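Just below is one structure, and these are the notes that go with it.
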Amino acid sequence: MSPATTSGLPAASQGFIAHLGRRSIEAGRALADVRTWLPLLANQMRLVGVDSVPIALFIAVFTGIVLSLLSSYIFTGTVPLYFVGALVGKTIMMELGPVLTGMALAGRVGASIAAELGTMKVTEQVDALETLAYDRYAYLVVPRVLAAILMFPVVTAFAMGVGVASGWITSINLLDLTSPDFFKGLKLFYRFKDIWFGLVKSASFGGAVALMGCLRGLAAEGGAEGVGQSTTRAVVLGCEAILVLDAFWALVLL
């Protein structure tokens, strides 16, 4: 057998498996250290969730407006206009609400986490934590990731409601559509799965965005320039993760 392989596996594969095993052990140890991360969780939930509501609602308002106007244009002369309600509701609840909110928060939350942890890393504050017997992952990573997993669905739920409401207001004021017609279309194809599908996706988006921000921040080096590069990379990776997870959940759950 080649010296590059043992136990029938290439050396590169063995190295990856060993790395994955080490990371899994570190993650399990950090999650088990409840006394470290639990007191930090509420503040991170406020930073990640509550402070992100305004930008999510701003995006949702204009998403609903644009969708209602586009729906009217698409359906003119082909299907009844009350289908505007169906398209606005389905699209916002299942796709645009979770994805656009996730993308916006990837820029806000992911960049903030990467910049904060990156600054701590290059100024050796992370090393100082370990000299004080704190687990860096339990103290820095776990509360941020858990907060994002818990709060992204909450922010997305608000965005869904506001997006549908703005689509409704636009339809009754700018289109030849009444409220009963809009809600008729909204209820026409509605299924409860539409809501929880979007919320499940948003929870996974939150975990991915926060995790990318933490990992890139803790990997920062080289001073201010390195922090900037890590922050940019965290946002890009967070957006890429959202798109991959969006396709994954559509394949698995639909």
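If you're matching positions, the sequence shown starts at -13 in our numbering and goes up one per residue.
Glycine included, each C-beta is placed from N, C-alpha and C at the ideal position.
All figures in this text were calculated on a predicted structure; none of them were measured in a lab.
Asked                                                                                                                                                                          : Found
Is D(-4) helix, strand or coil by DSSP?                                                                                                                                        : Sequence check: residue -4 is Pro here, not Asp. The answer is strand: DSSP assigns P(-4) an E or B state.
Would the beta-carbon of T217 fall within 7 Å of that of A92?                                                                                                                  : no
Please state the DSSP three-state secondary structure of T164.                                                                                                                 : coil
If I measure Cβ to Cβ from W23 and keep anything under 6 Å in the same chain, skipping five residues before and after, which residues do I get?                                : A124, V128 and P129
Mapping DSSP to helix, strand and coil, what is F44?                                                                                                                           : helix
Label F175 either buried or exposed according to how many other C-beta atoms from any shown protein chain fall within 10 Å of its C-beta, with 16 as the threshold for buried. : exposed
Is the Cβ-Cβ distance between G171 and V108 less than 7 Å?                                                                                                                     : no
Taking the alpha carbon of G224 as the point to measure from, which residue in G88, R122 and G104 has its own alpha carbon closest?                                            : G88
Label T49 either buried or exposed according to how many other C-beta atoms from any shown protein chain fall within 10 Å of its C-beta, with 16 as the threshold for buried.  : buried
Looking only at its chain, what residues have a beta carbon closer than 8 Å to the beta carbon of L231, apart from the 5 residues adjacent to it on each side?                 : K187, S190, F191 and A194
Extract the residue ranges of the alpha helix (DSSP H) inside the region 74 to 128, only unbroken runs of 4 or more that lie entirely within it.                               : 83 to 91, 97 to 108 and 111 to 117
Which residue comes first and which comes last in the alpha helix (DSSP H) that contains P25?                                                                                  : V20 to V34
From A4, C200, V65 and A205, pick the residue whose C-alpha is nearest to that of A133; which is it?                                                                           : C200
Starting from the N-terminal side, write out each stretch of the alpha helix (DSSP H) that is 4 residues or longer and does not extend beyond the region 156 to 208.           : 165 to 174 and 179 to 204
Just to confirm before moving on: does the CB-CB distance between S54 and G153 stay below 7 Å?                                                                                 : yes
Is it buried or exposed, P40, if we count other Cβ atoms within 10 angstroms and call 16 or more buried?                                                                       : exposed
Going by CA-CA distance only, name the one from P25, R219 and G209 that's closest to L197.                                                                                     : R219
Between F144 and L43, how many whole angstroms is the CB-CB distance? I'm expecting something under 8 Å.                                                                       : 6 Å
Just to confirm, is the Cβ distance from L67 to L163 under 7 Å?                                                                                                                : yes
Can you grab the Cα-Cα spacing for the pair M(-13) / D19, in whole Å?                                                                                                          : Confidence at M(-13) is low in this model, with a pLDDT of 45, below 50, so its placement is unreliable and the value that follows should be read with caution. Straight-line Cα distance between these residues: approximately 43 Å.
G208 to L115, Cα distance in whole Å?                                                                                                                                          : 20 Å
Out of I3, L136 and G96, point me to the one whose CA is closest to V222's CA.                                                                                                 : G96
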